[in-house]
Amino acid sequence: MGTHFCSSCGKVLQVPEHSDYFAMFELPRKLWIEMSALEQKFLQLSWKLHPDNFVNSTGAERDISLKRSSELNDAYRTLRDPVARVEYLLAIEGARKEGQNKQQAPSELLEEVFELNESLDELREARASGSDTVGLRSRLQAAERNFERKLTEVDGELQGAAREWDKLIDEKADETPRNAAKGKLNELLNRRSYIRNLVVNVQKELL
Amino acid sequence: MGRIVGIDLGTTNSLVAYIDAQTGQPKCIPGPSGSTLCPSIVSLDPDGSIIVGEPARRRLLTQPERTIYSVKRLMGRGPSDVQSELKLFPFRIDPSSNHVIRVRLGEKVFTPPEISSFILRELKNWAEAFFGEIVDRAVITVPAYFNDAQRQATKDAGKLAGLEVLRLVNEPTAAALAYGLHEKQRGKVAVYDLGGGTFDISVLKLISTSEGDIYQVLSTNGDTHLGGDDIDNLLQAFVHEQILQTDAIDFSPHGELAQELRKELIALKHKLSETESATLRFPLPNGKIFVHEFTRGAFEALIRPVVDRTTAPVKQALADAQLKPTEMDEAVLVGGATRTPLIRRTVQEYFDRKPHTELNPDEVVALGAAVQANILDRGVQNMLLLDVTPLSLGIETYGGAVAKIIPRNSTIPASAQELYTTGVDNQTGIDIHVLQGERELAKDCRSLARFTLRVPPAPAGLPRVEVKFLIDANGILQVGAKDIRSGEQHMIEVQPSYGLNDNDIERMLEESIEYAEQDFAERQVIEARTEADSILKATEKALAHPNSANLSAPERAKIEVSVAGLKEAVQGSDYKLMRRQIDELNRATEHLAELLMNSAVQSALEGKKLAEV
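From first to last, the protein sequence lines are chains A and B.
For what it's worth, this note's numbering labels the leading residue of the first sequence as 35, then goes sequentially.
For what it's worth, this note's numbering labels the leading residue of the second sequence as 2, then goes sequentially.
Written as structure tokens, this is what we have:
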């Protein structure tokens with residue numbers, strides 16, 4: 035992200051440079067964003083910042099346009115995506131901690147993940163030895179549906195936690211409940227990415 | 002400053018277009034023969050001169066070993082990439098090829114960007130003859146699915162042809178621009194572009210705002226080695242097989258006979274777009290005449306595999322845009338190969354609507370390039386193009402895996418930052434491998450560049466280097482690094498995995514003297530002077546902006562000294578001095594540029610219209 039200080043004069047810029055993606059769009063650090071308003075602002079800023087505007091400008095202007103318009107696009111890409119938005123918020127709040135071990139299953143899923151891995155092994159073995167895979171495939175498809183359902187559940191929980199966060203911001207709640215909310219969001223993100231990886235892996239085997 | 006044009010550098014044909022000042026509409030410029038199509042064929046005459054276009058096509062038959070077509074297939078690729086092409090195309094790859102392919106024409110070898118530059122130079126000559134003025138800047142189109150190396154190779158070709166490439170524009174996007182200007186279309190548009198050698202599908206959203214029209218690309222997909230050429234190859238393979246069976250004659254794909262047959266088959270293919278059947282009559286070396294009647298049905302069965310290969314990219318592009326075929330408002334056909342009735346039917350059935358074919362499918366991309374050239378020349382007025390990067394950008398991590406840092410279909414310019422440190426004490430280099438592609442393993446993706454970050458010796462984990470990967474508006478990668486501890490910033494010299502480095506280009510520019518009308522140094526002086534003029538004008542304009550009042554007196558004085566220095570340098574003929582003065586002025590105006598940009602951002606956020614910056 036850009037600096038808060040002008041590169042040549044060292045003074046704080048008169049118009050403060052945007053320090054994060056939310057500020058860039060003049061939004062509070064809340065997780066519910068009105069999409070059509072976000073798009074409107076994105077298009078308005080694109081008119082002003084896009085490098086097409088600066089082909090006949092000074093080299094310094096061209097450089098800044100490239101930097102600013104890429105940041106604008108990065109910001110829009112991030113804020114548009116509900117999951118990336120949570121990840122980004124936690125990152126700028128200094129609260130994003132990925133799971134200690136990405137391979138480690140959340141405890142409540144241990145049993146199902148164990149079964150799933152067994153079925154995957156059996157499928158690979160059956161395929162290698164050329165034996166019938168129909169039964170195994172349908173078992174895996176059922177497991178895949180099961181984990182897809184869990185993904186939807188996590189997404190629902192994530193939405194709930196996001197609403198909770200927004201409420202705390204509105205209430206100007208103090209640090210303790212806010213930290214708890216961030217911890218909750220972080221844990222849900224880790225669970226989500228674990229389940230998503232599972233689904234992707236099963237889908238790959240079933241192709 | 003000279004004129005600006007839009008160029009479609011195609012696999013089979015290339016075209017050049019401009020905006021007619023009277024009508025405001027784009028138009029293609031005809032060559033000496035009166036045709037606007039310049040066949041993308043280059044031949045080296047035994048006397049050393051370069052022959053391009055229709056005259057070169059005739060030499061395909063008489064001097065095939067000195068003549069090359071479809072060179073676009075080789076752009077930005079390494080020798081090992083093109084092995085499969087060699088069975089189908091008569092490319093004579095020279096053994097001296099390393100990271101860049103070198104093609105032999107007669108007694109000389111050329112890189113693909115050099116050969117493409119001959120085509121661009123020919124089009125530049127057409128345009129200069131047409132205007133009676135110098136043409137020195139261009140917008141050049143590339144397939145949307147071109148990767149970084151293929152784009153860079155195209156930009157290099159422009160430079161070698163004496164053109165400043167203001168922008169590379171994706172072909173389907175250019176076509177959408179031309180159609181938008183023509184039809185005033187709105188809503189969601191799918192552009193299906195099957196050219197001579199490349200296939201692209203792009204999904205766009207056309208938005209009207211109070212400031213003007215925005216062409217926002219939502220997603221793109223494609224295959225940079227799929228096109229009308231492949232239809233010709235299927236036909237040719239079929240006929241070769243027939244002749245082998247009936248007359249036991251084996252064709253070498255490189256020979257004159259094969260070129261003769263290919264020419265006949267292309268004519269037959271065109272005929273079959275108009276009629277229900279066509280007959281091939283081809284004289285064989287044994288005195289007999291090979292006769293075969295093709296019905297359209299048999300022809301379509303034969304070329305079906307080519308059409309089927311476009312299905313997966315189309316589905317992926319729609320899925321990435323999160324749209325269903327029926328949600329599209331319009332479909333547009335681009336590229337000569339879309340004249341084939343089978344392709345028209347296939348697209349119509351898929352999108353359940355009649356695709357647009359009103360604009361000449363051969364010309365529409367060049368027309369769009371001219372529209373974009375005009376936008377850039379005058380600064381955005383009432384049209385803005387927001388394009389995307391077709392492939393995900395990634396970096397190699399442990400175990401040969403790829404971490405994606407900029408996903409495909411991100412609006413460009415786009416960037417990503419990564420923080421690096423060292424793993425062992427006193428490590429002085431950190432190796433970084435940048436890739437492009439969707440696969441999970443580095444070996445399955447396209448290698449763009451490898452480089453080493455240099456760090457001063459320190460305990461492990463202490464150095465902190467932030468690397469910024471930026472894809473510019475041309476879809477080309479730039480890399481910069483910042484030492485977090487010292488704050489020192491520097492651009493990284495990235496050695497491309499496939500492609501020319503600056504030294505190669507410098508040498509080629511010097512070598513190209515024999516094909517150029519001007520001396521190398523003289524050209525450098527003219528280029529530097531042109532750039533100086535435009536920067537002086539831009540600085541004057543910036544200083545006239547109300548926000549420039551916020552400059553401090555020393556800053557303003559520094560700019561004035563730099564302006565005076567550059568003005569003086571322009572009087573002389575030392576182009577290196579001019580370049581130094583240009584750099585100095587650019588540095589002096591950094592703060593001014595920030596002030597203007599902030600004023601622009603503020604006005605956009607307040608939603609008010611203000612005078613152009």
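We put the beta carbon where it would ideally sit given N, CA and C, even for glycine.
Residue-level contact by beta carbon fails for Ser-70 (chain A) and chain B, as no gap is shorter than 8 Å.
In the structure shown, Pro-457 (chain B) falls within a coil segment according to DSSP collapsed to helix, strand and coil. Residues of the region 133-149 of chain B with a Cβ closer than 7 Å to any Cβ of chain A: none. By the Cβ test, the region 199-211 of chain A is not in contact with the region 225-238 of chain A, since fewer than three Cβ pairs between them sit closer than 8 Å. One alpha carbon belongs to Gln-243 (chain B), the other to Ala-299 (chain B), and they sit about 14 Å apart. Asp-9 (chain B) is bridged by DSSP to B:Leu-16, B:Thr-142. Of the candidates B:Leu-368, B:Arg-530, B:Leu-360, B:Arg-530 places its Cα closest to the Cα of Gln-572 (chain B).
For His-434 (chain B), the enclosing beta strand (DSSP E) has its first and last residue at 430-437. Shown here for Gly-228 (chain B): same chain residues with a beta carbon closer than 7 Å to its own, the five before and five after excluded, namely Thr-12, Leu-195, Gly-196, Gly-197, Gly-198, Thr-199, Phe-200, Ala-338 in chain order.
DSSP places Thr-37 (chain B) outside both helix and strand once states are collapsed to three, so it counts as coil. Taking C-beta atoms as the reference points, Ala-402 (chain B) and Tyr-193 (chain B) fail to come closer than 8 Å.
For the region 578-605 of chain B, the set of residues with a beta-carbon nearer than 9 Å to any beta-carbon of chain A comprises Ile-583, Asp-584, Leu-586, Asn-587, Arg-588, Ala-589, Thr-590, Glu-591, His-592, Leu-593, Ala-594, Glu-595, Leu-596, Leu-597, Met-598, Asn-599, Ser-600, Ala-601, Val-602, Gln-603, Ser-604, Ala-605, in chain order.
At a C-beta separation below 8 Å, Leu-385 (chain B) has these neighbours in chain A: Ser-80, Trp-81, His-84, Asp-86. In this structure, Leu-387 (chain B) sits near Thr-412 (chain B), with a CB-CB distance shorter than 8 Å. Nearest to Val-120 (chain A) by C-alpha distance, out of A:Asp-189, A:Ile-98, A:Asn-151, A:Tyr-228, is A:Asp-189. Exposed is the label assigned to Asp-166 (chain A), since fewer than 16 other Cβ atoms lie within 10 Å of its Cβ.
Of the other Cβ atoms in all chains shown, fewer than 16 fall within 10 Å of the Cβ of Pro-62 (chain A); this residue is therefore exposed.
A direct Cα-to-Cα measurement between Glu-397 (chain B) and Thr-540 (chain B) gives close to 42 Å. Taking the beta carbon of Asp-108 (chain A) as reference, the chain B residues within 7 Å of it are Ala-415, Ser-416, listed in sequence order. The region 2-20 of chain B and the region 339-355 of chain B do not touch, with fewer than three beta-carbon pairs separated by less than 8 Å. Assignment of His-357 (chain B) by DSSP, reduced to helix, strand and coil, places it in the strand class. Under the Cβ criterion of 8 Å, Lys-75 (chain A) is counted among the residues facing chain B. Taking C-beta atoms as the reference points, Ile-477 (chain B) and Lys-156 (chain B) count as a pair closer than 8 Å. Leu-169 (chain B) is positioned such that its CB atom lies closer than 8 Å to that of Ile-141 (chain B). Interface criterion met: the Cβ of Ala-539 (chain B) is under 8 Å from a Cβ in chain A. The alpha-carbon of Arg-187 (chain B) is positioned some 42 Å away from that of Glu-239 (chain A). For Ile-376 (chain B), a Cβ of chain A is located within less than 8 Å of the residue's own Cβ. In this structure, DSSP gives Ile-69 (chain B) an extended state, which the three-state scheme calls strand.
The DSSP assignment places complete alpha helix (DSSP H) segments of no fewer than 4 residues inside the region 119-164 of chain B at 149-161, in order along the chain. Beta bridge pairing from DSSP links Cys-29 (chain B) with B:Ala-18. Using a Cβ-Cβ cut-off of 8 Å, Leu-232 (chain A) does not count as an interface residue toward chain B, since no Cβ of chain B sits closer than that to its own.
If you check the CB distance, Leu-567 (chain B) and Ala-533 (chain B) come in under 8 Å. Against chain B, a Cβ distance below 7 Å from Ala-196 (chain A) picks out nothing, because the smallest value is about 21 Å.
If you draw a straight line from the Cα of Phe-181 (chain A) to the Cα of Ile-229 (chain A), it is about 7 Å long. When Cβ pairs closer than 8 Å are counted between the two stretches, the region 208-216 of chain B is seen not to touch the region 230-241 of chain B, the count staying below three. Within chain B, not a single residue places a beta-carbon under 8 Å from that of Asn-224 (chain A); the smallest gap is close to 17 Å.
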